[in-house]
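Presented below is the structure to which this report refers.
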Amino acid sequence: MLRIYNTLTRRKEEFAPIHKQWVGLYTCGPTVYDYAHIGNLRTYVFEDVLERVLKMEGYRVRRVMNVTDVGHLTSDEDFGEDKVERSAKAKGKSVKDLTRFFTDAFLADLAALNVARPRFMPRASDYIKDYIRLIERLIAQGNAYETAQGVYFDVTTFPRYTKLSGQPLTSQRTAREEVVHDPEKRSRQDFALWLKTVGKFKHHLMQWHSPWGNGFPGWHIECSVISSQFLGQPFDIHTGGVDHIPVHHTNEIAQSEAAYGKPLARYWMHSEFLRINGGRMGKSEGNALTLKNVVQGMDPLTYRYFVLSAHYRTQLNFTDKSFRAADNAYRNLRLKTWILTTPRKSGVREGRETLWRRLGIFWTEFQNALSDDLNMPEALSALHRLVDQLLALHAAEPFGRAEAENVRKTLQNADKVLGLNLAIPLSVPKNVEKLAKLRERLRRNQQFVQSDALRKKIRRLGYEIEDTPAGPFPYASASKTSPAGPRSRNVGSRGSHAGHARNRPRRRRP
């Protein structure tokens, strides 16, 4: 029984999907004006784990992640510049080239972290006509109104506007007081559905014709439209970071539920902040670290391990010390699992029943942790306990092929959720393997001068040797590990469904 914490009800609930066999999952995707920072990526790792757990529970998952390439202003609210346009001007690129480049970079980061690419990744700019239709509906129903500068949602027409945030309407976040607002707005909490290209937006590069004149959509309207088109309304689970709760997700709920009189999503799940050295991290703070920044000399999956070490609903503090500790823990885990899955003899005659029993106990503990609101720290703890127990058995009598294979299958099943490549053989070039074996023979013959010379030769090739009871363990050294970075262009590919209008599903009625 899977239980998840629902931000909307503020309690853990048993998950019950709308449809028996499949789950609709919507993820607020990136605004592709710059590289994603590791705080952003923490949220996507959480959402990837959620999808993996749902699949382990036997559901088919229809996951949608939008790509914001227009309308996201620098404040996240209704003032400032469009983030994408500002970045394009600063970098001297066209909006199209800029968003394609940073979408590719984002997808490369996901791949480096073993985050599965969502089935659908529609671009916000491909749905302008659909936004206009929803805005027209809201105006006709009296939920929205036009001014000389734009079209706004009237929050007083939606009595449960603050149900997600729990804040009183008077304290609901809005634009800063020192910023000049549209004087025709009825309330300072009213938010933009459409912004006209007048005044400060007169020279906006991205603009479309609408019944209210040329302009561009507000940031929140895209998620309401895209989620309902791909998943219907209501759908099962809406995810995002906790920073989305007071503004973006609150506004999504208001415009969607006012338009159609039914819930937007049944469950709302939010990942907590990643902090850096105890303080806030973000591009505005000047300390936004990218994956490429932090994993130089490390396996990028070290960051995934680091994220999994904390519950998604707790803040996680990134420091050099904590990340190095995660790197050591992940390396040790890979080393131990390699030892346990490498057969050393024909079979274990004694202790076999103990092995099966401990594998069974682990699997029960692991599943219980996952079912308890994705308790990944407890799941990792169960894994570490298992590995240490099995190492003790292995030290007493090395595993044979059958035992090593059963351990490998158990790790492989656990890794379907963890995504840490625990059951994948470590890739080492054959010449390095030969040198490691030769060095081991020299070492056992106490020819230490020659064995040390081979260790240095292996190190010059970019590998280190860990001597273990099961034999030498060669692994890539820090200088050999390649950090994550942009890969080949794959935006809009048929597999990703990113940005292709022809890949839209048939319209689902909310």
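Heads up, the sequence shown is in UniProt numbering, so the first residue is 1 and it goes up one at a time. Virtual Cβ for every residue (Gly too), placed ideally from N, Cα, C. Computed from a prediction, not measured in an experiment: that's the story for all the values here.
Between TRP268 and HIS248, the C-beta gap is not smaller than 7 Å, which leaves the two residues out of contact. One Cα belongs to THR197, the other to VAL115, and the distance between them is close to 38 Å. Boundaries cannot be given for ASP182, as no alpha helix (DSSP H) includes it and DSSP labels it neither H nor E.
Residue environment: LYS83 is assigned as buried (16 or more neighbouring CB atoms within 10 Å of its CB, all protein chains considered). By the Cβ rule, the segment 23-34 counts as touching the segment 219-238, because three or more pairs are nearer than 8 Å. By the Cβ criterion, the segment 249-258 is not in contact with the segment 278-286, since fewer than three pairs of Cβ atoms, one from each stretch, lie closer than 8 Å. Apart from the 5 residues on each side of it in sequence, LEU442 sits with its Cβ closer than 6 Å to the Cβ of GLN450, SER451 in its chain, given in chain order.
The shortest C-alpha to C-alpha distance from ILE226 to any of LYS89, ASN6, PRO30, TYR131 is the one to TYR131. Per DSSP, PHE273 lies in no beta strand (DSSP E) and is assigned neither H nor E. With contact defined as three or more Cβ pairs closer than 8 Å, the segment 404-412 and the segment 325-343 are in contact.
In this structure, THR103 sits near VAL67, with a CB-CB distance shorter than 7 Å. For THR68, the three-state secondary structure derived from DSSP is strand. Pairing PHE306 with LEU274 gives a Cβ-Cβ distance that is not under 7 Å. Rounded to whole angstroms, the gap between the alpha carbons of ARG160 and VAL53 is 32 Å. In the structure shown, the three-state DSSP call for VAL61 is strand. Taking the C-beta atoms as reference points, LEU195 is found no nearer than 7 Å to ALA144. Exclusion of the five residues before and after ALA325 leaves no residue of its chain whose Cβ lies closer than 7 Å to its Cβ. In the DSSP assignment, TRP338 falls within the alpha helix (DSSP H) that extends over 320-340. Residue environment: GLN189 is assigned as buried (16 or more neighbouring CB atoms within 10 Å of its CB, all protein chains considered). Here ALA88 has VAL95, LEU98 as same chain residues with Cβ atoms under 6 Å from its own Cβ, once five neighbours each way along the sequence are excluded.
In the displayed model, GLY215 falls within a strand according to three-state DSSP. Note: GLY240 is bridge-paired with HIS270 in the DSSP secondary-structure output. Checking the DSSP bridge columns, you'll see GLU405 has no partner listed. Note: PHE366 is not bridge-paired with any residue in the DSSP secondary-structure output. The three-state secondary structure of GLY282, taken from DSSP, is coil.
Bridge partners of PHE153 according to DSSP: ALA144, PHE191. Cβ contact annotation for VAL387 (same chain, cutoff 8 Å, sequence separation greater than five): LEU333, LYS336, THR337, LEU340, in chain order. Residue pairing by DSSP places THR468 opposite GLY471 in a beta bridge. DSSP places TYR26 in the uninterrupted beta strand (DSSP E) bounded by 22-27.
When DSSP reads this structure, ASP372 sits in a beta bridge with ARG3.
By the neighbour-count criterion, in which a residue is buried when 16 or more other Cβ atoms sit within 10 angstroms of its Cβ, LEU301 is buried. Sequence-distant Cβ neighbours of PRO183 in its own chain, meaning closer than 6 Å and more than five residues away, do not exist here. Distance between GLY419 and VAL32, taken at the CA atoms: about 25 Å. CA-CA distance, VAL295 to VAL155, rounds to 44 Å.
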